[in-house]
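Protein chains in written order, with this note's numbering: chain E, 949 to 1289; chain L, 3 to 284.
All C-beta atoms, glycine included, are put in the ideal place defined by N, C-alpha and C.
Keep in mind the model is a prediction, meaning the values are calculated, not measured.
Have a look at the structure below, then the notes.
Here you go:
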């Protein structure tokens, strides 16, 4: 598909979303132009706004990758939300006990814990798929709810501080510095070096997908499982690895919050980021590098909602996000078909 | 007696949503949008009842809202062939955002609507849910439409060859699913005499789980809902009596049982063959 055609869908979606959004703004008795200007100025118009967008985009990149990568292998991972939650809890617990380790080691250990826990959680779905043929769409949804209940149980029973609904804070050596250490203008925003980790993961995922044997096998399985199997690609192994990797990616998404912002685990911090990962992947057409602008776009919307909240309820952007997702999904189905014909 | 009432209270929305899910998925359309449909059903019911001061009109509004949301989902994925899972998730997001937006717009609240005129008893809903269960069963297995619907879910190409308009049948099934789940949502609002933000609270996914546990058949799906309702009511009862069984473990039950069903516990659960695939006439 040509670049121009790939951009057609998102642009059309943006147009539809602007139209729907303007109607909502009018329904609320405000002037659309004023609200849109405010949204833009409050996000990309000043350093703090940019920092907040980057902070919101960080877990979205990881969640987007966690959906896009297995989709290339024909697997729909709806479990990023649960994988993120489990990864976050593991990261927080490990980080709280890493006081004696030097900073770089402690930081890496926490990231590894998030990746391992998220990967392990997704592997359940992988195992169920390869061993029993249980469809990953259903099992990952179920695992999201299981993760929420499990984390709540572990937390309230053992892990949360007595007077609070969150875990103990990470040791100072395990925390990721804020982005402000690189660009002082970002001072005050929650963006941290987790952004660089997420960007690196997007690059790594692209390399894996297009430059390695495993990536080739994943794409082959996604295009035609039968042909892949005929070519002696191990279906089960590829499926399992794709889902485990996805879980690890989603798990790492939690560090933006746990390691870079709040320094502890708190229930509900994901705010549906795992599900938004599906939107990011759809908008990016499952290309790891396109995940970056797609995540920035949804990050902008989510931060923009907060900015305009005093004029229009911030939930307007949830509606817009839904409109964008539907429009892009429709456009990619329609354009994709025409492209093949 | 109060325990039984509690079971019925909990089971009604599960069952109505699960029935909707069964109709839609047997026609070949994956329905993750049940969650959002319950929510807009509740909101439609509350808004309708509030402004008309009439419970019956409220009920119709809720059913209409549910059907409308499902038709958006249906148009996107049946007519325009968007991915069914993506479009279902978008419908849920739309439902959550839109109900919050209009809650603020209509009632200037982020939490709940004012008190609404609703029936004092759940009896009409129990009767409607029971009727819906047997009607859905009869529709699916005893009518021409049901046969066509199942054909669209198993082998749309064959259905098309015999002159069935696949897209139209699927859209009808999805609209029916919306009406049923919307009715379940109305019950949520009427039960509390108001709409509460995000009051569906994951029930649509439990209903989806029950529908799979019942192997995509209306009556077994309802039985699964009853089972989940029993477990939930028992847990609430235990908690009230101070016997400490971790709440979370009971909450896990429906999801664990669904996974078990998918792995082959009690006969492998298999969905309709053409579930999730858009159909395009050549």
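key: Rounded Cβ spacing between residue 1228 of chain E and residue 1246 of chain E (contact assumed at less than 8 Å)   = On the first chain, position 280 is the one that residue 1228 of chain E refers to. On the first chain, position 298 is the one that residue 1246 of chain E refers to. About 6 Å separates the two Cβ atoms, so the contact holds.
Any beta strand (DSSP E) of 3 or more consecutive residues that is wholly inside the stretch 1162 to 1217 of chain E = If only uninterrupted beta strand (DSSP E) runs of at least 3 residues are considered, none is enclosed by the stretch 1162 to 1217 of chain E.
ask   = Along the stretch 1052 to 1076 of chain E, what residues have a CB closer than 7 Å to any CB found in chain L?
value = 1076
Extent of the continuous alpha helix (DSSP H) run through residue 139 of chain L = Along the second chain, one-based indexing puts residue 139 of chain L at 137. It spans 125 to 144 - the alpha helix (DSSP H) in which residue 139 of chain L sits, taken as one unbroken run.
ask   = When the Cα atoms are used, what is the spatial distance from residue 154 of chain L to residue 1105 of chain E?
value = One-based indexing of the second chain puts residue 154 of chain L at position 152. One-based indexing of the first chain puts residue 1105 of chain E at position 157. Those two C-alpha atoms are separated by around 49 Å.
message = One question on the structure: do residue 1225 of chain E and residue 1014 of chain E come within less than 7 Å of each other, judged by their Cβ atoms?
response = Numbered from its first residue, the first chain carries residue 1225 of chain E at position 277. Numbered from its first residue, the first chain carries residue 1014 of chain E at position 66. For residue 1225 of chain E and residue 1014 of chain E, yes; Cβs fall inside 7 Å.
request  = Report the option in L/280, L/89 and L/116 whose CA atom is closest to the CA atom of residue 192 of chain L.
outcome  = As a first step, residue 192 of chain L must be located in the second chain, where it is residue number 190. Of L/280, L/89 and L/116, the residue nearest in Cα terms is L/116.
query = At which residue ranges does the stretch 193 to 250 of chain L contain complete alpha helix (DSSP H) runs of 4 or more residues, listed in the order of the chain?
reply = 205 to 215 and 220 to 243
query = So the alpha helix (DSSP H) residue 1034 of chain E belongs to, where does it begin and stop?
reply = Numbered from its first residue, the first chain carries residue 1034 of chain E at position 86. 1028 to 1044 is the extent of the alpha helix (DSSP H) around residue 1034 of chain E.
request  = Determine, using beta carbons only, whether residue 187 of chain L and residue 64 of chain L come nearer to each other than 7 Å.
outcome  = As a working note, residue 187 of chain L is residue 185 in the second chain. As a working note, residue 64 of chain L is residue 62 in the second chain. Yes, the pair counts as a contact, with Cβ atoms nearer than the cut-off.
message = What does the alpha-carbon distance come out to for the pair residue 254 of chain L and residue 1135 of chain E?
response = The sequence position of residue 254 of chain L within the second chain is 252, counting from 1. The sequence position of residue 1135 of chain E within the first chain is 187, counting from 1. Distance between the alpha carbons of residue 254 of chain L and residue 1135 of chain E: 42 Å.
query = Mind pulling the alpha helix (DSSP H) runs of 4 or more residues that sit fully within the stretch 1077 to 1147 of chain E?
reply = 1084 to 1102
inquiry  = I want to see whether chain L comes within less than 7 Å of residue 1100 of chain E, judged by CB atoms only; does it?
reply    = By 1-based counting over the first chain, the position of residue 1100 of chain E is 152. It does: the Cβ of residue 1100 of chain E has a partner Cβ on chain L nearer than 7 Å.
task = Give the residues of chain E in contact with residue 265 of chain L, contact being defined as C-beta atoms less than 7 Å apart.
result = What you label residue 265 of chain L is simply residue 263 of the second chain in a count that begins at 1. The answer, in chain order, is 1076, 1080 and 1082.
ask   = What residues from chain E crowd round residue 218 of chain L, counting only those whose CB sits closer than 9 Å?
value = Against the second chain, residue 218 of chain L aligns to sequence position 216. Result: empty, since nearest Cβ-Cβ is about 12 Å, beyond 9 Å.
With 16 other Cβ atoms within 10 Å as the buried cut-off, status of residue 1189 of chain E = Taking the first chain and counting its residues from 1, the one referred to as residue 1189 of chain E is at position 241. Answer is buried; the Cβ neighbour count reaches 16.
task = Quick one: grab the DSSP three-state call for residue 94 of chain L.
result = As a position in the second chain, residue 94 of chain L is number 92, starting the count at 1. In this structure, residue 94 of chain L counts as helix in the three-state DSSP scheme.
request  = Quickly, what does DSSP pair residue 114 of chain L with across the bridge? List them, please.
outcome  = Taking the second chain and counting its residues from 1, the one referred to as residue 114 of chain L is at position 112. For residue 114 of chain L, which the question treats as bridged, DSSP gives the partners L/198.
task = Give a yes or no on whether 7 Å exceeds the smallest Cβ distance from residue 1133 of chain E to chain L.
result = Position 185 of the first chain, counted from the start, is the residue given in the question as residue 1133 of chain E. Chain L contact via Cβ: absent.
inquiry  = Can you pull the chain E neighbours of residue 87 of chain L, defined as C-beta to C-beta under 9 Å?
reply    = Position 85 of the second chain, counting from 1, holds the residue named residue 87 of chain L. Per Cβ cutoff of 9 Å: 1024, 1026, 1085 and 1226.
query = Taking C-alpha atoms, which residue in E/979, E/1066, E/1019 and E/1261 lies nearest to residue 1186 of chain E?
reply = If you number the first chain from 1, residue 1186 of chain E lands on position 238. Taking only the C-alpha atoms, the option nearest residue 1186 of chain E is E/1019.
request  = Output the boundary residues of the alpha helix (DSSP H) element that contains residue 1024 of chain E.
outcome  = Taking the first residue of the first chain as 1, we reach residue 1024 of chain E at position 76. Run containing residue 1024 of chain E: none; DSSP gives neither H nor E here.
query = Out of curiosity, what's the CA-to-CA distance linking residue 222 of chain L and residue 99 of chain L?
reply = Walking along the second chain from the start, residue 222 of chain L turns up at place 220. Walking along the second chain from the start, residue 99 of chain L turns up at place 97. Each residue's alpha carbon lies about 33 Å from the other.
inquiry  = Going by DSSP in three states, residue 157 of chain L sits in which element: helix, strand or coil?
reply    = Position 155 of the second chain, counted from the start, is the residue given in the question as residue 157 of chain L. Of the three classes helix, strand and coil, the one that applies to residue 157 of chain L here is coil, per DSSP.
query = How many angstroms separate the CA atom of residue 93 of chain L from the CA atom of residue 1155 of chain E?
reply = For this step, residue 93 of chain L is matched to residue 91 along the second chain. For this step, residue 1155 of chain E is matched to residue 207 along the first chain. One C-alpha to the other measures close to 34 Å.
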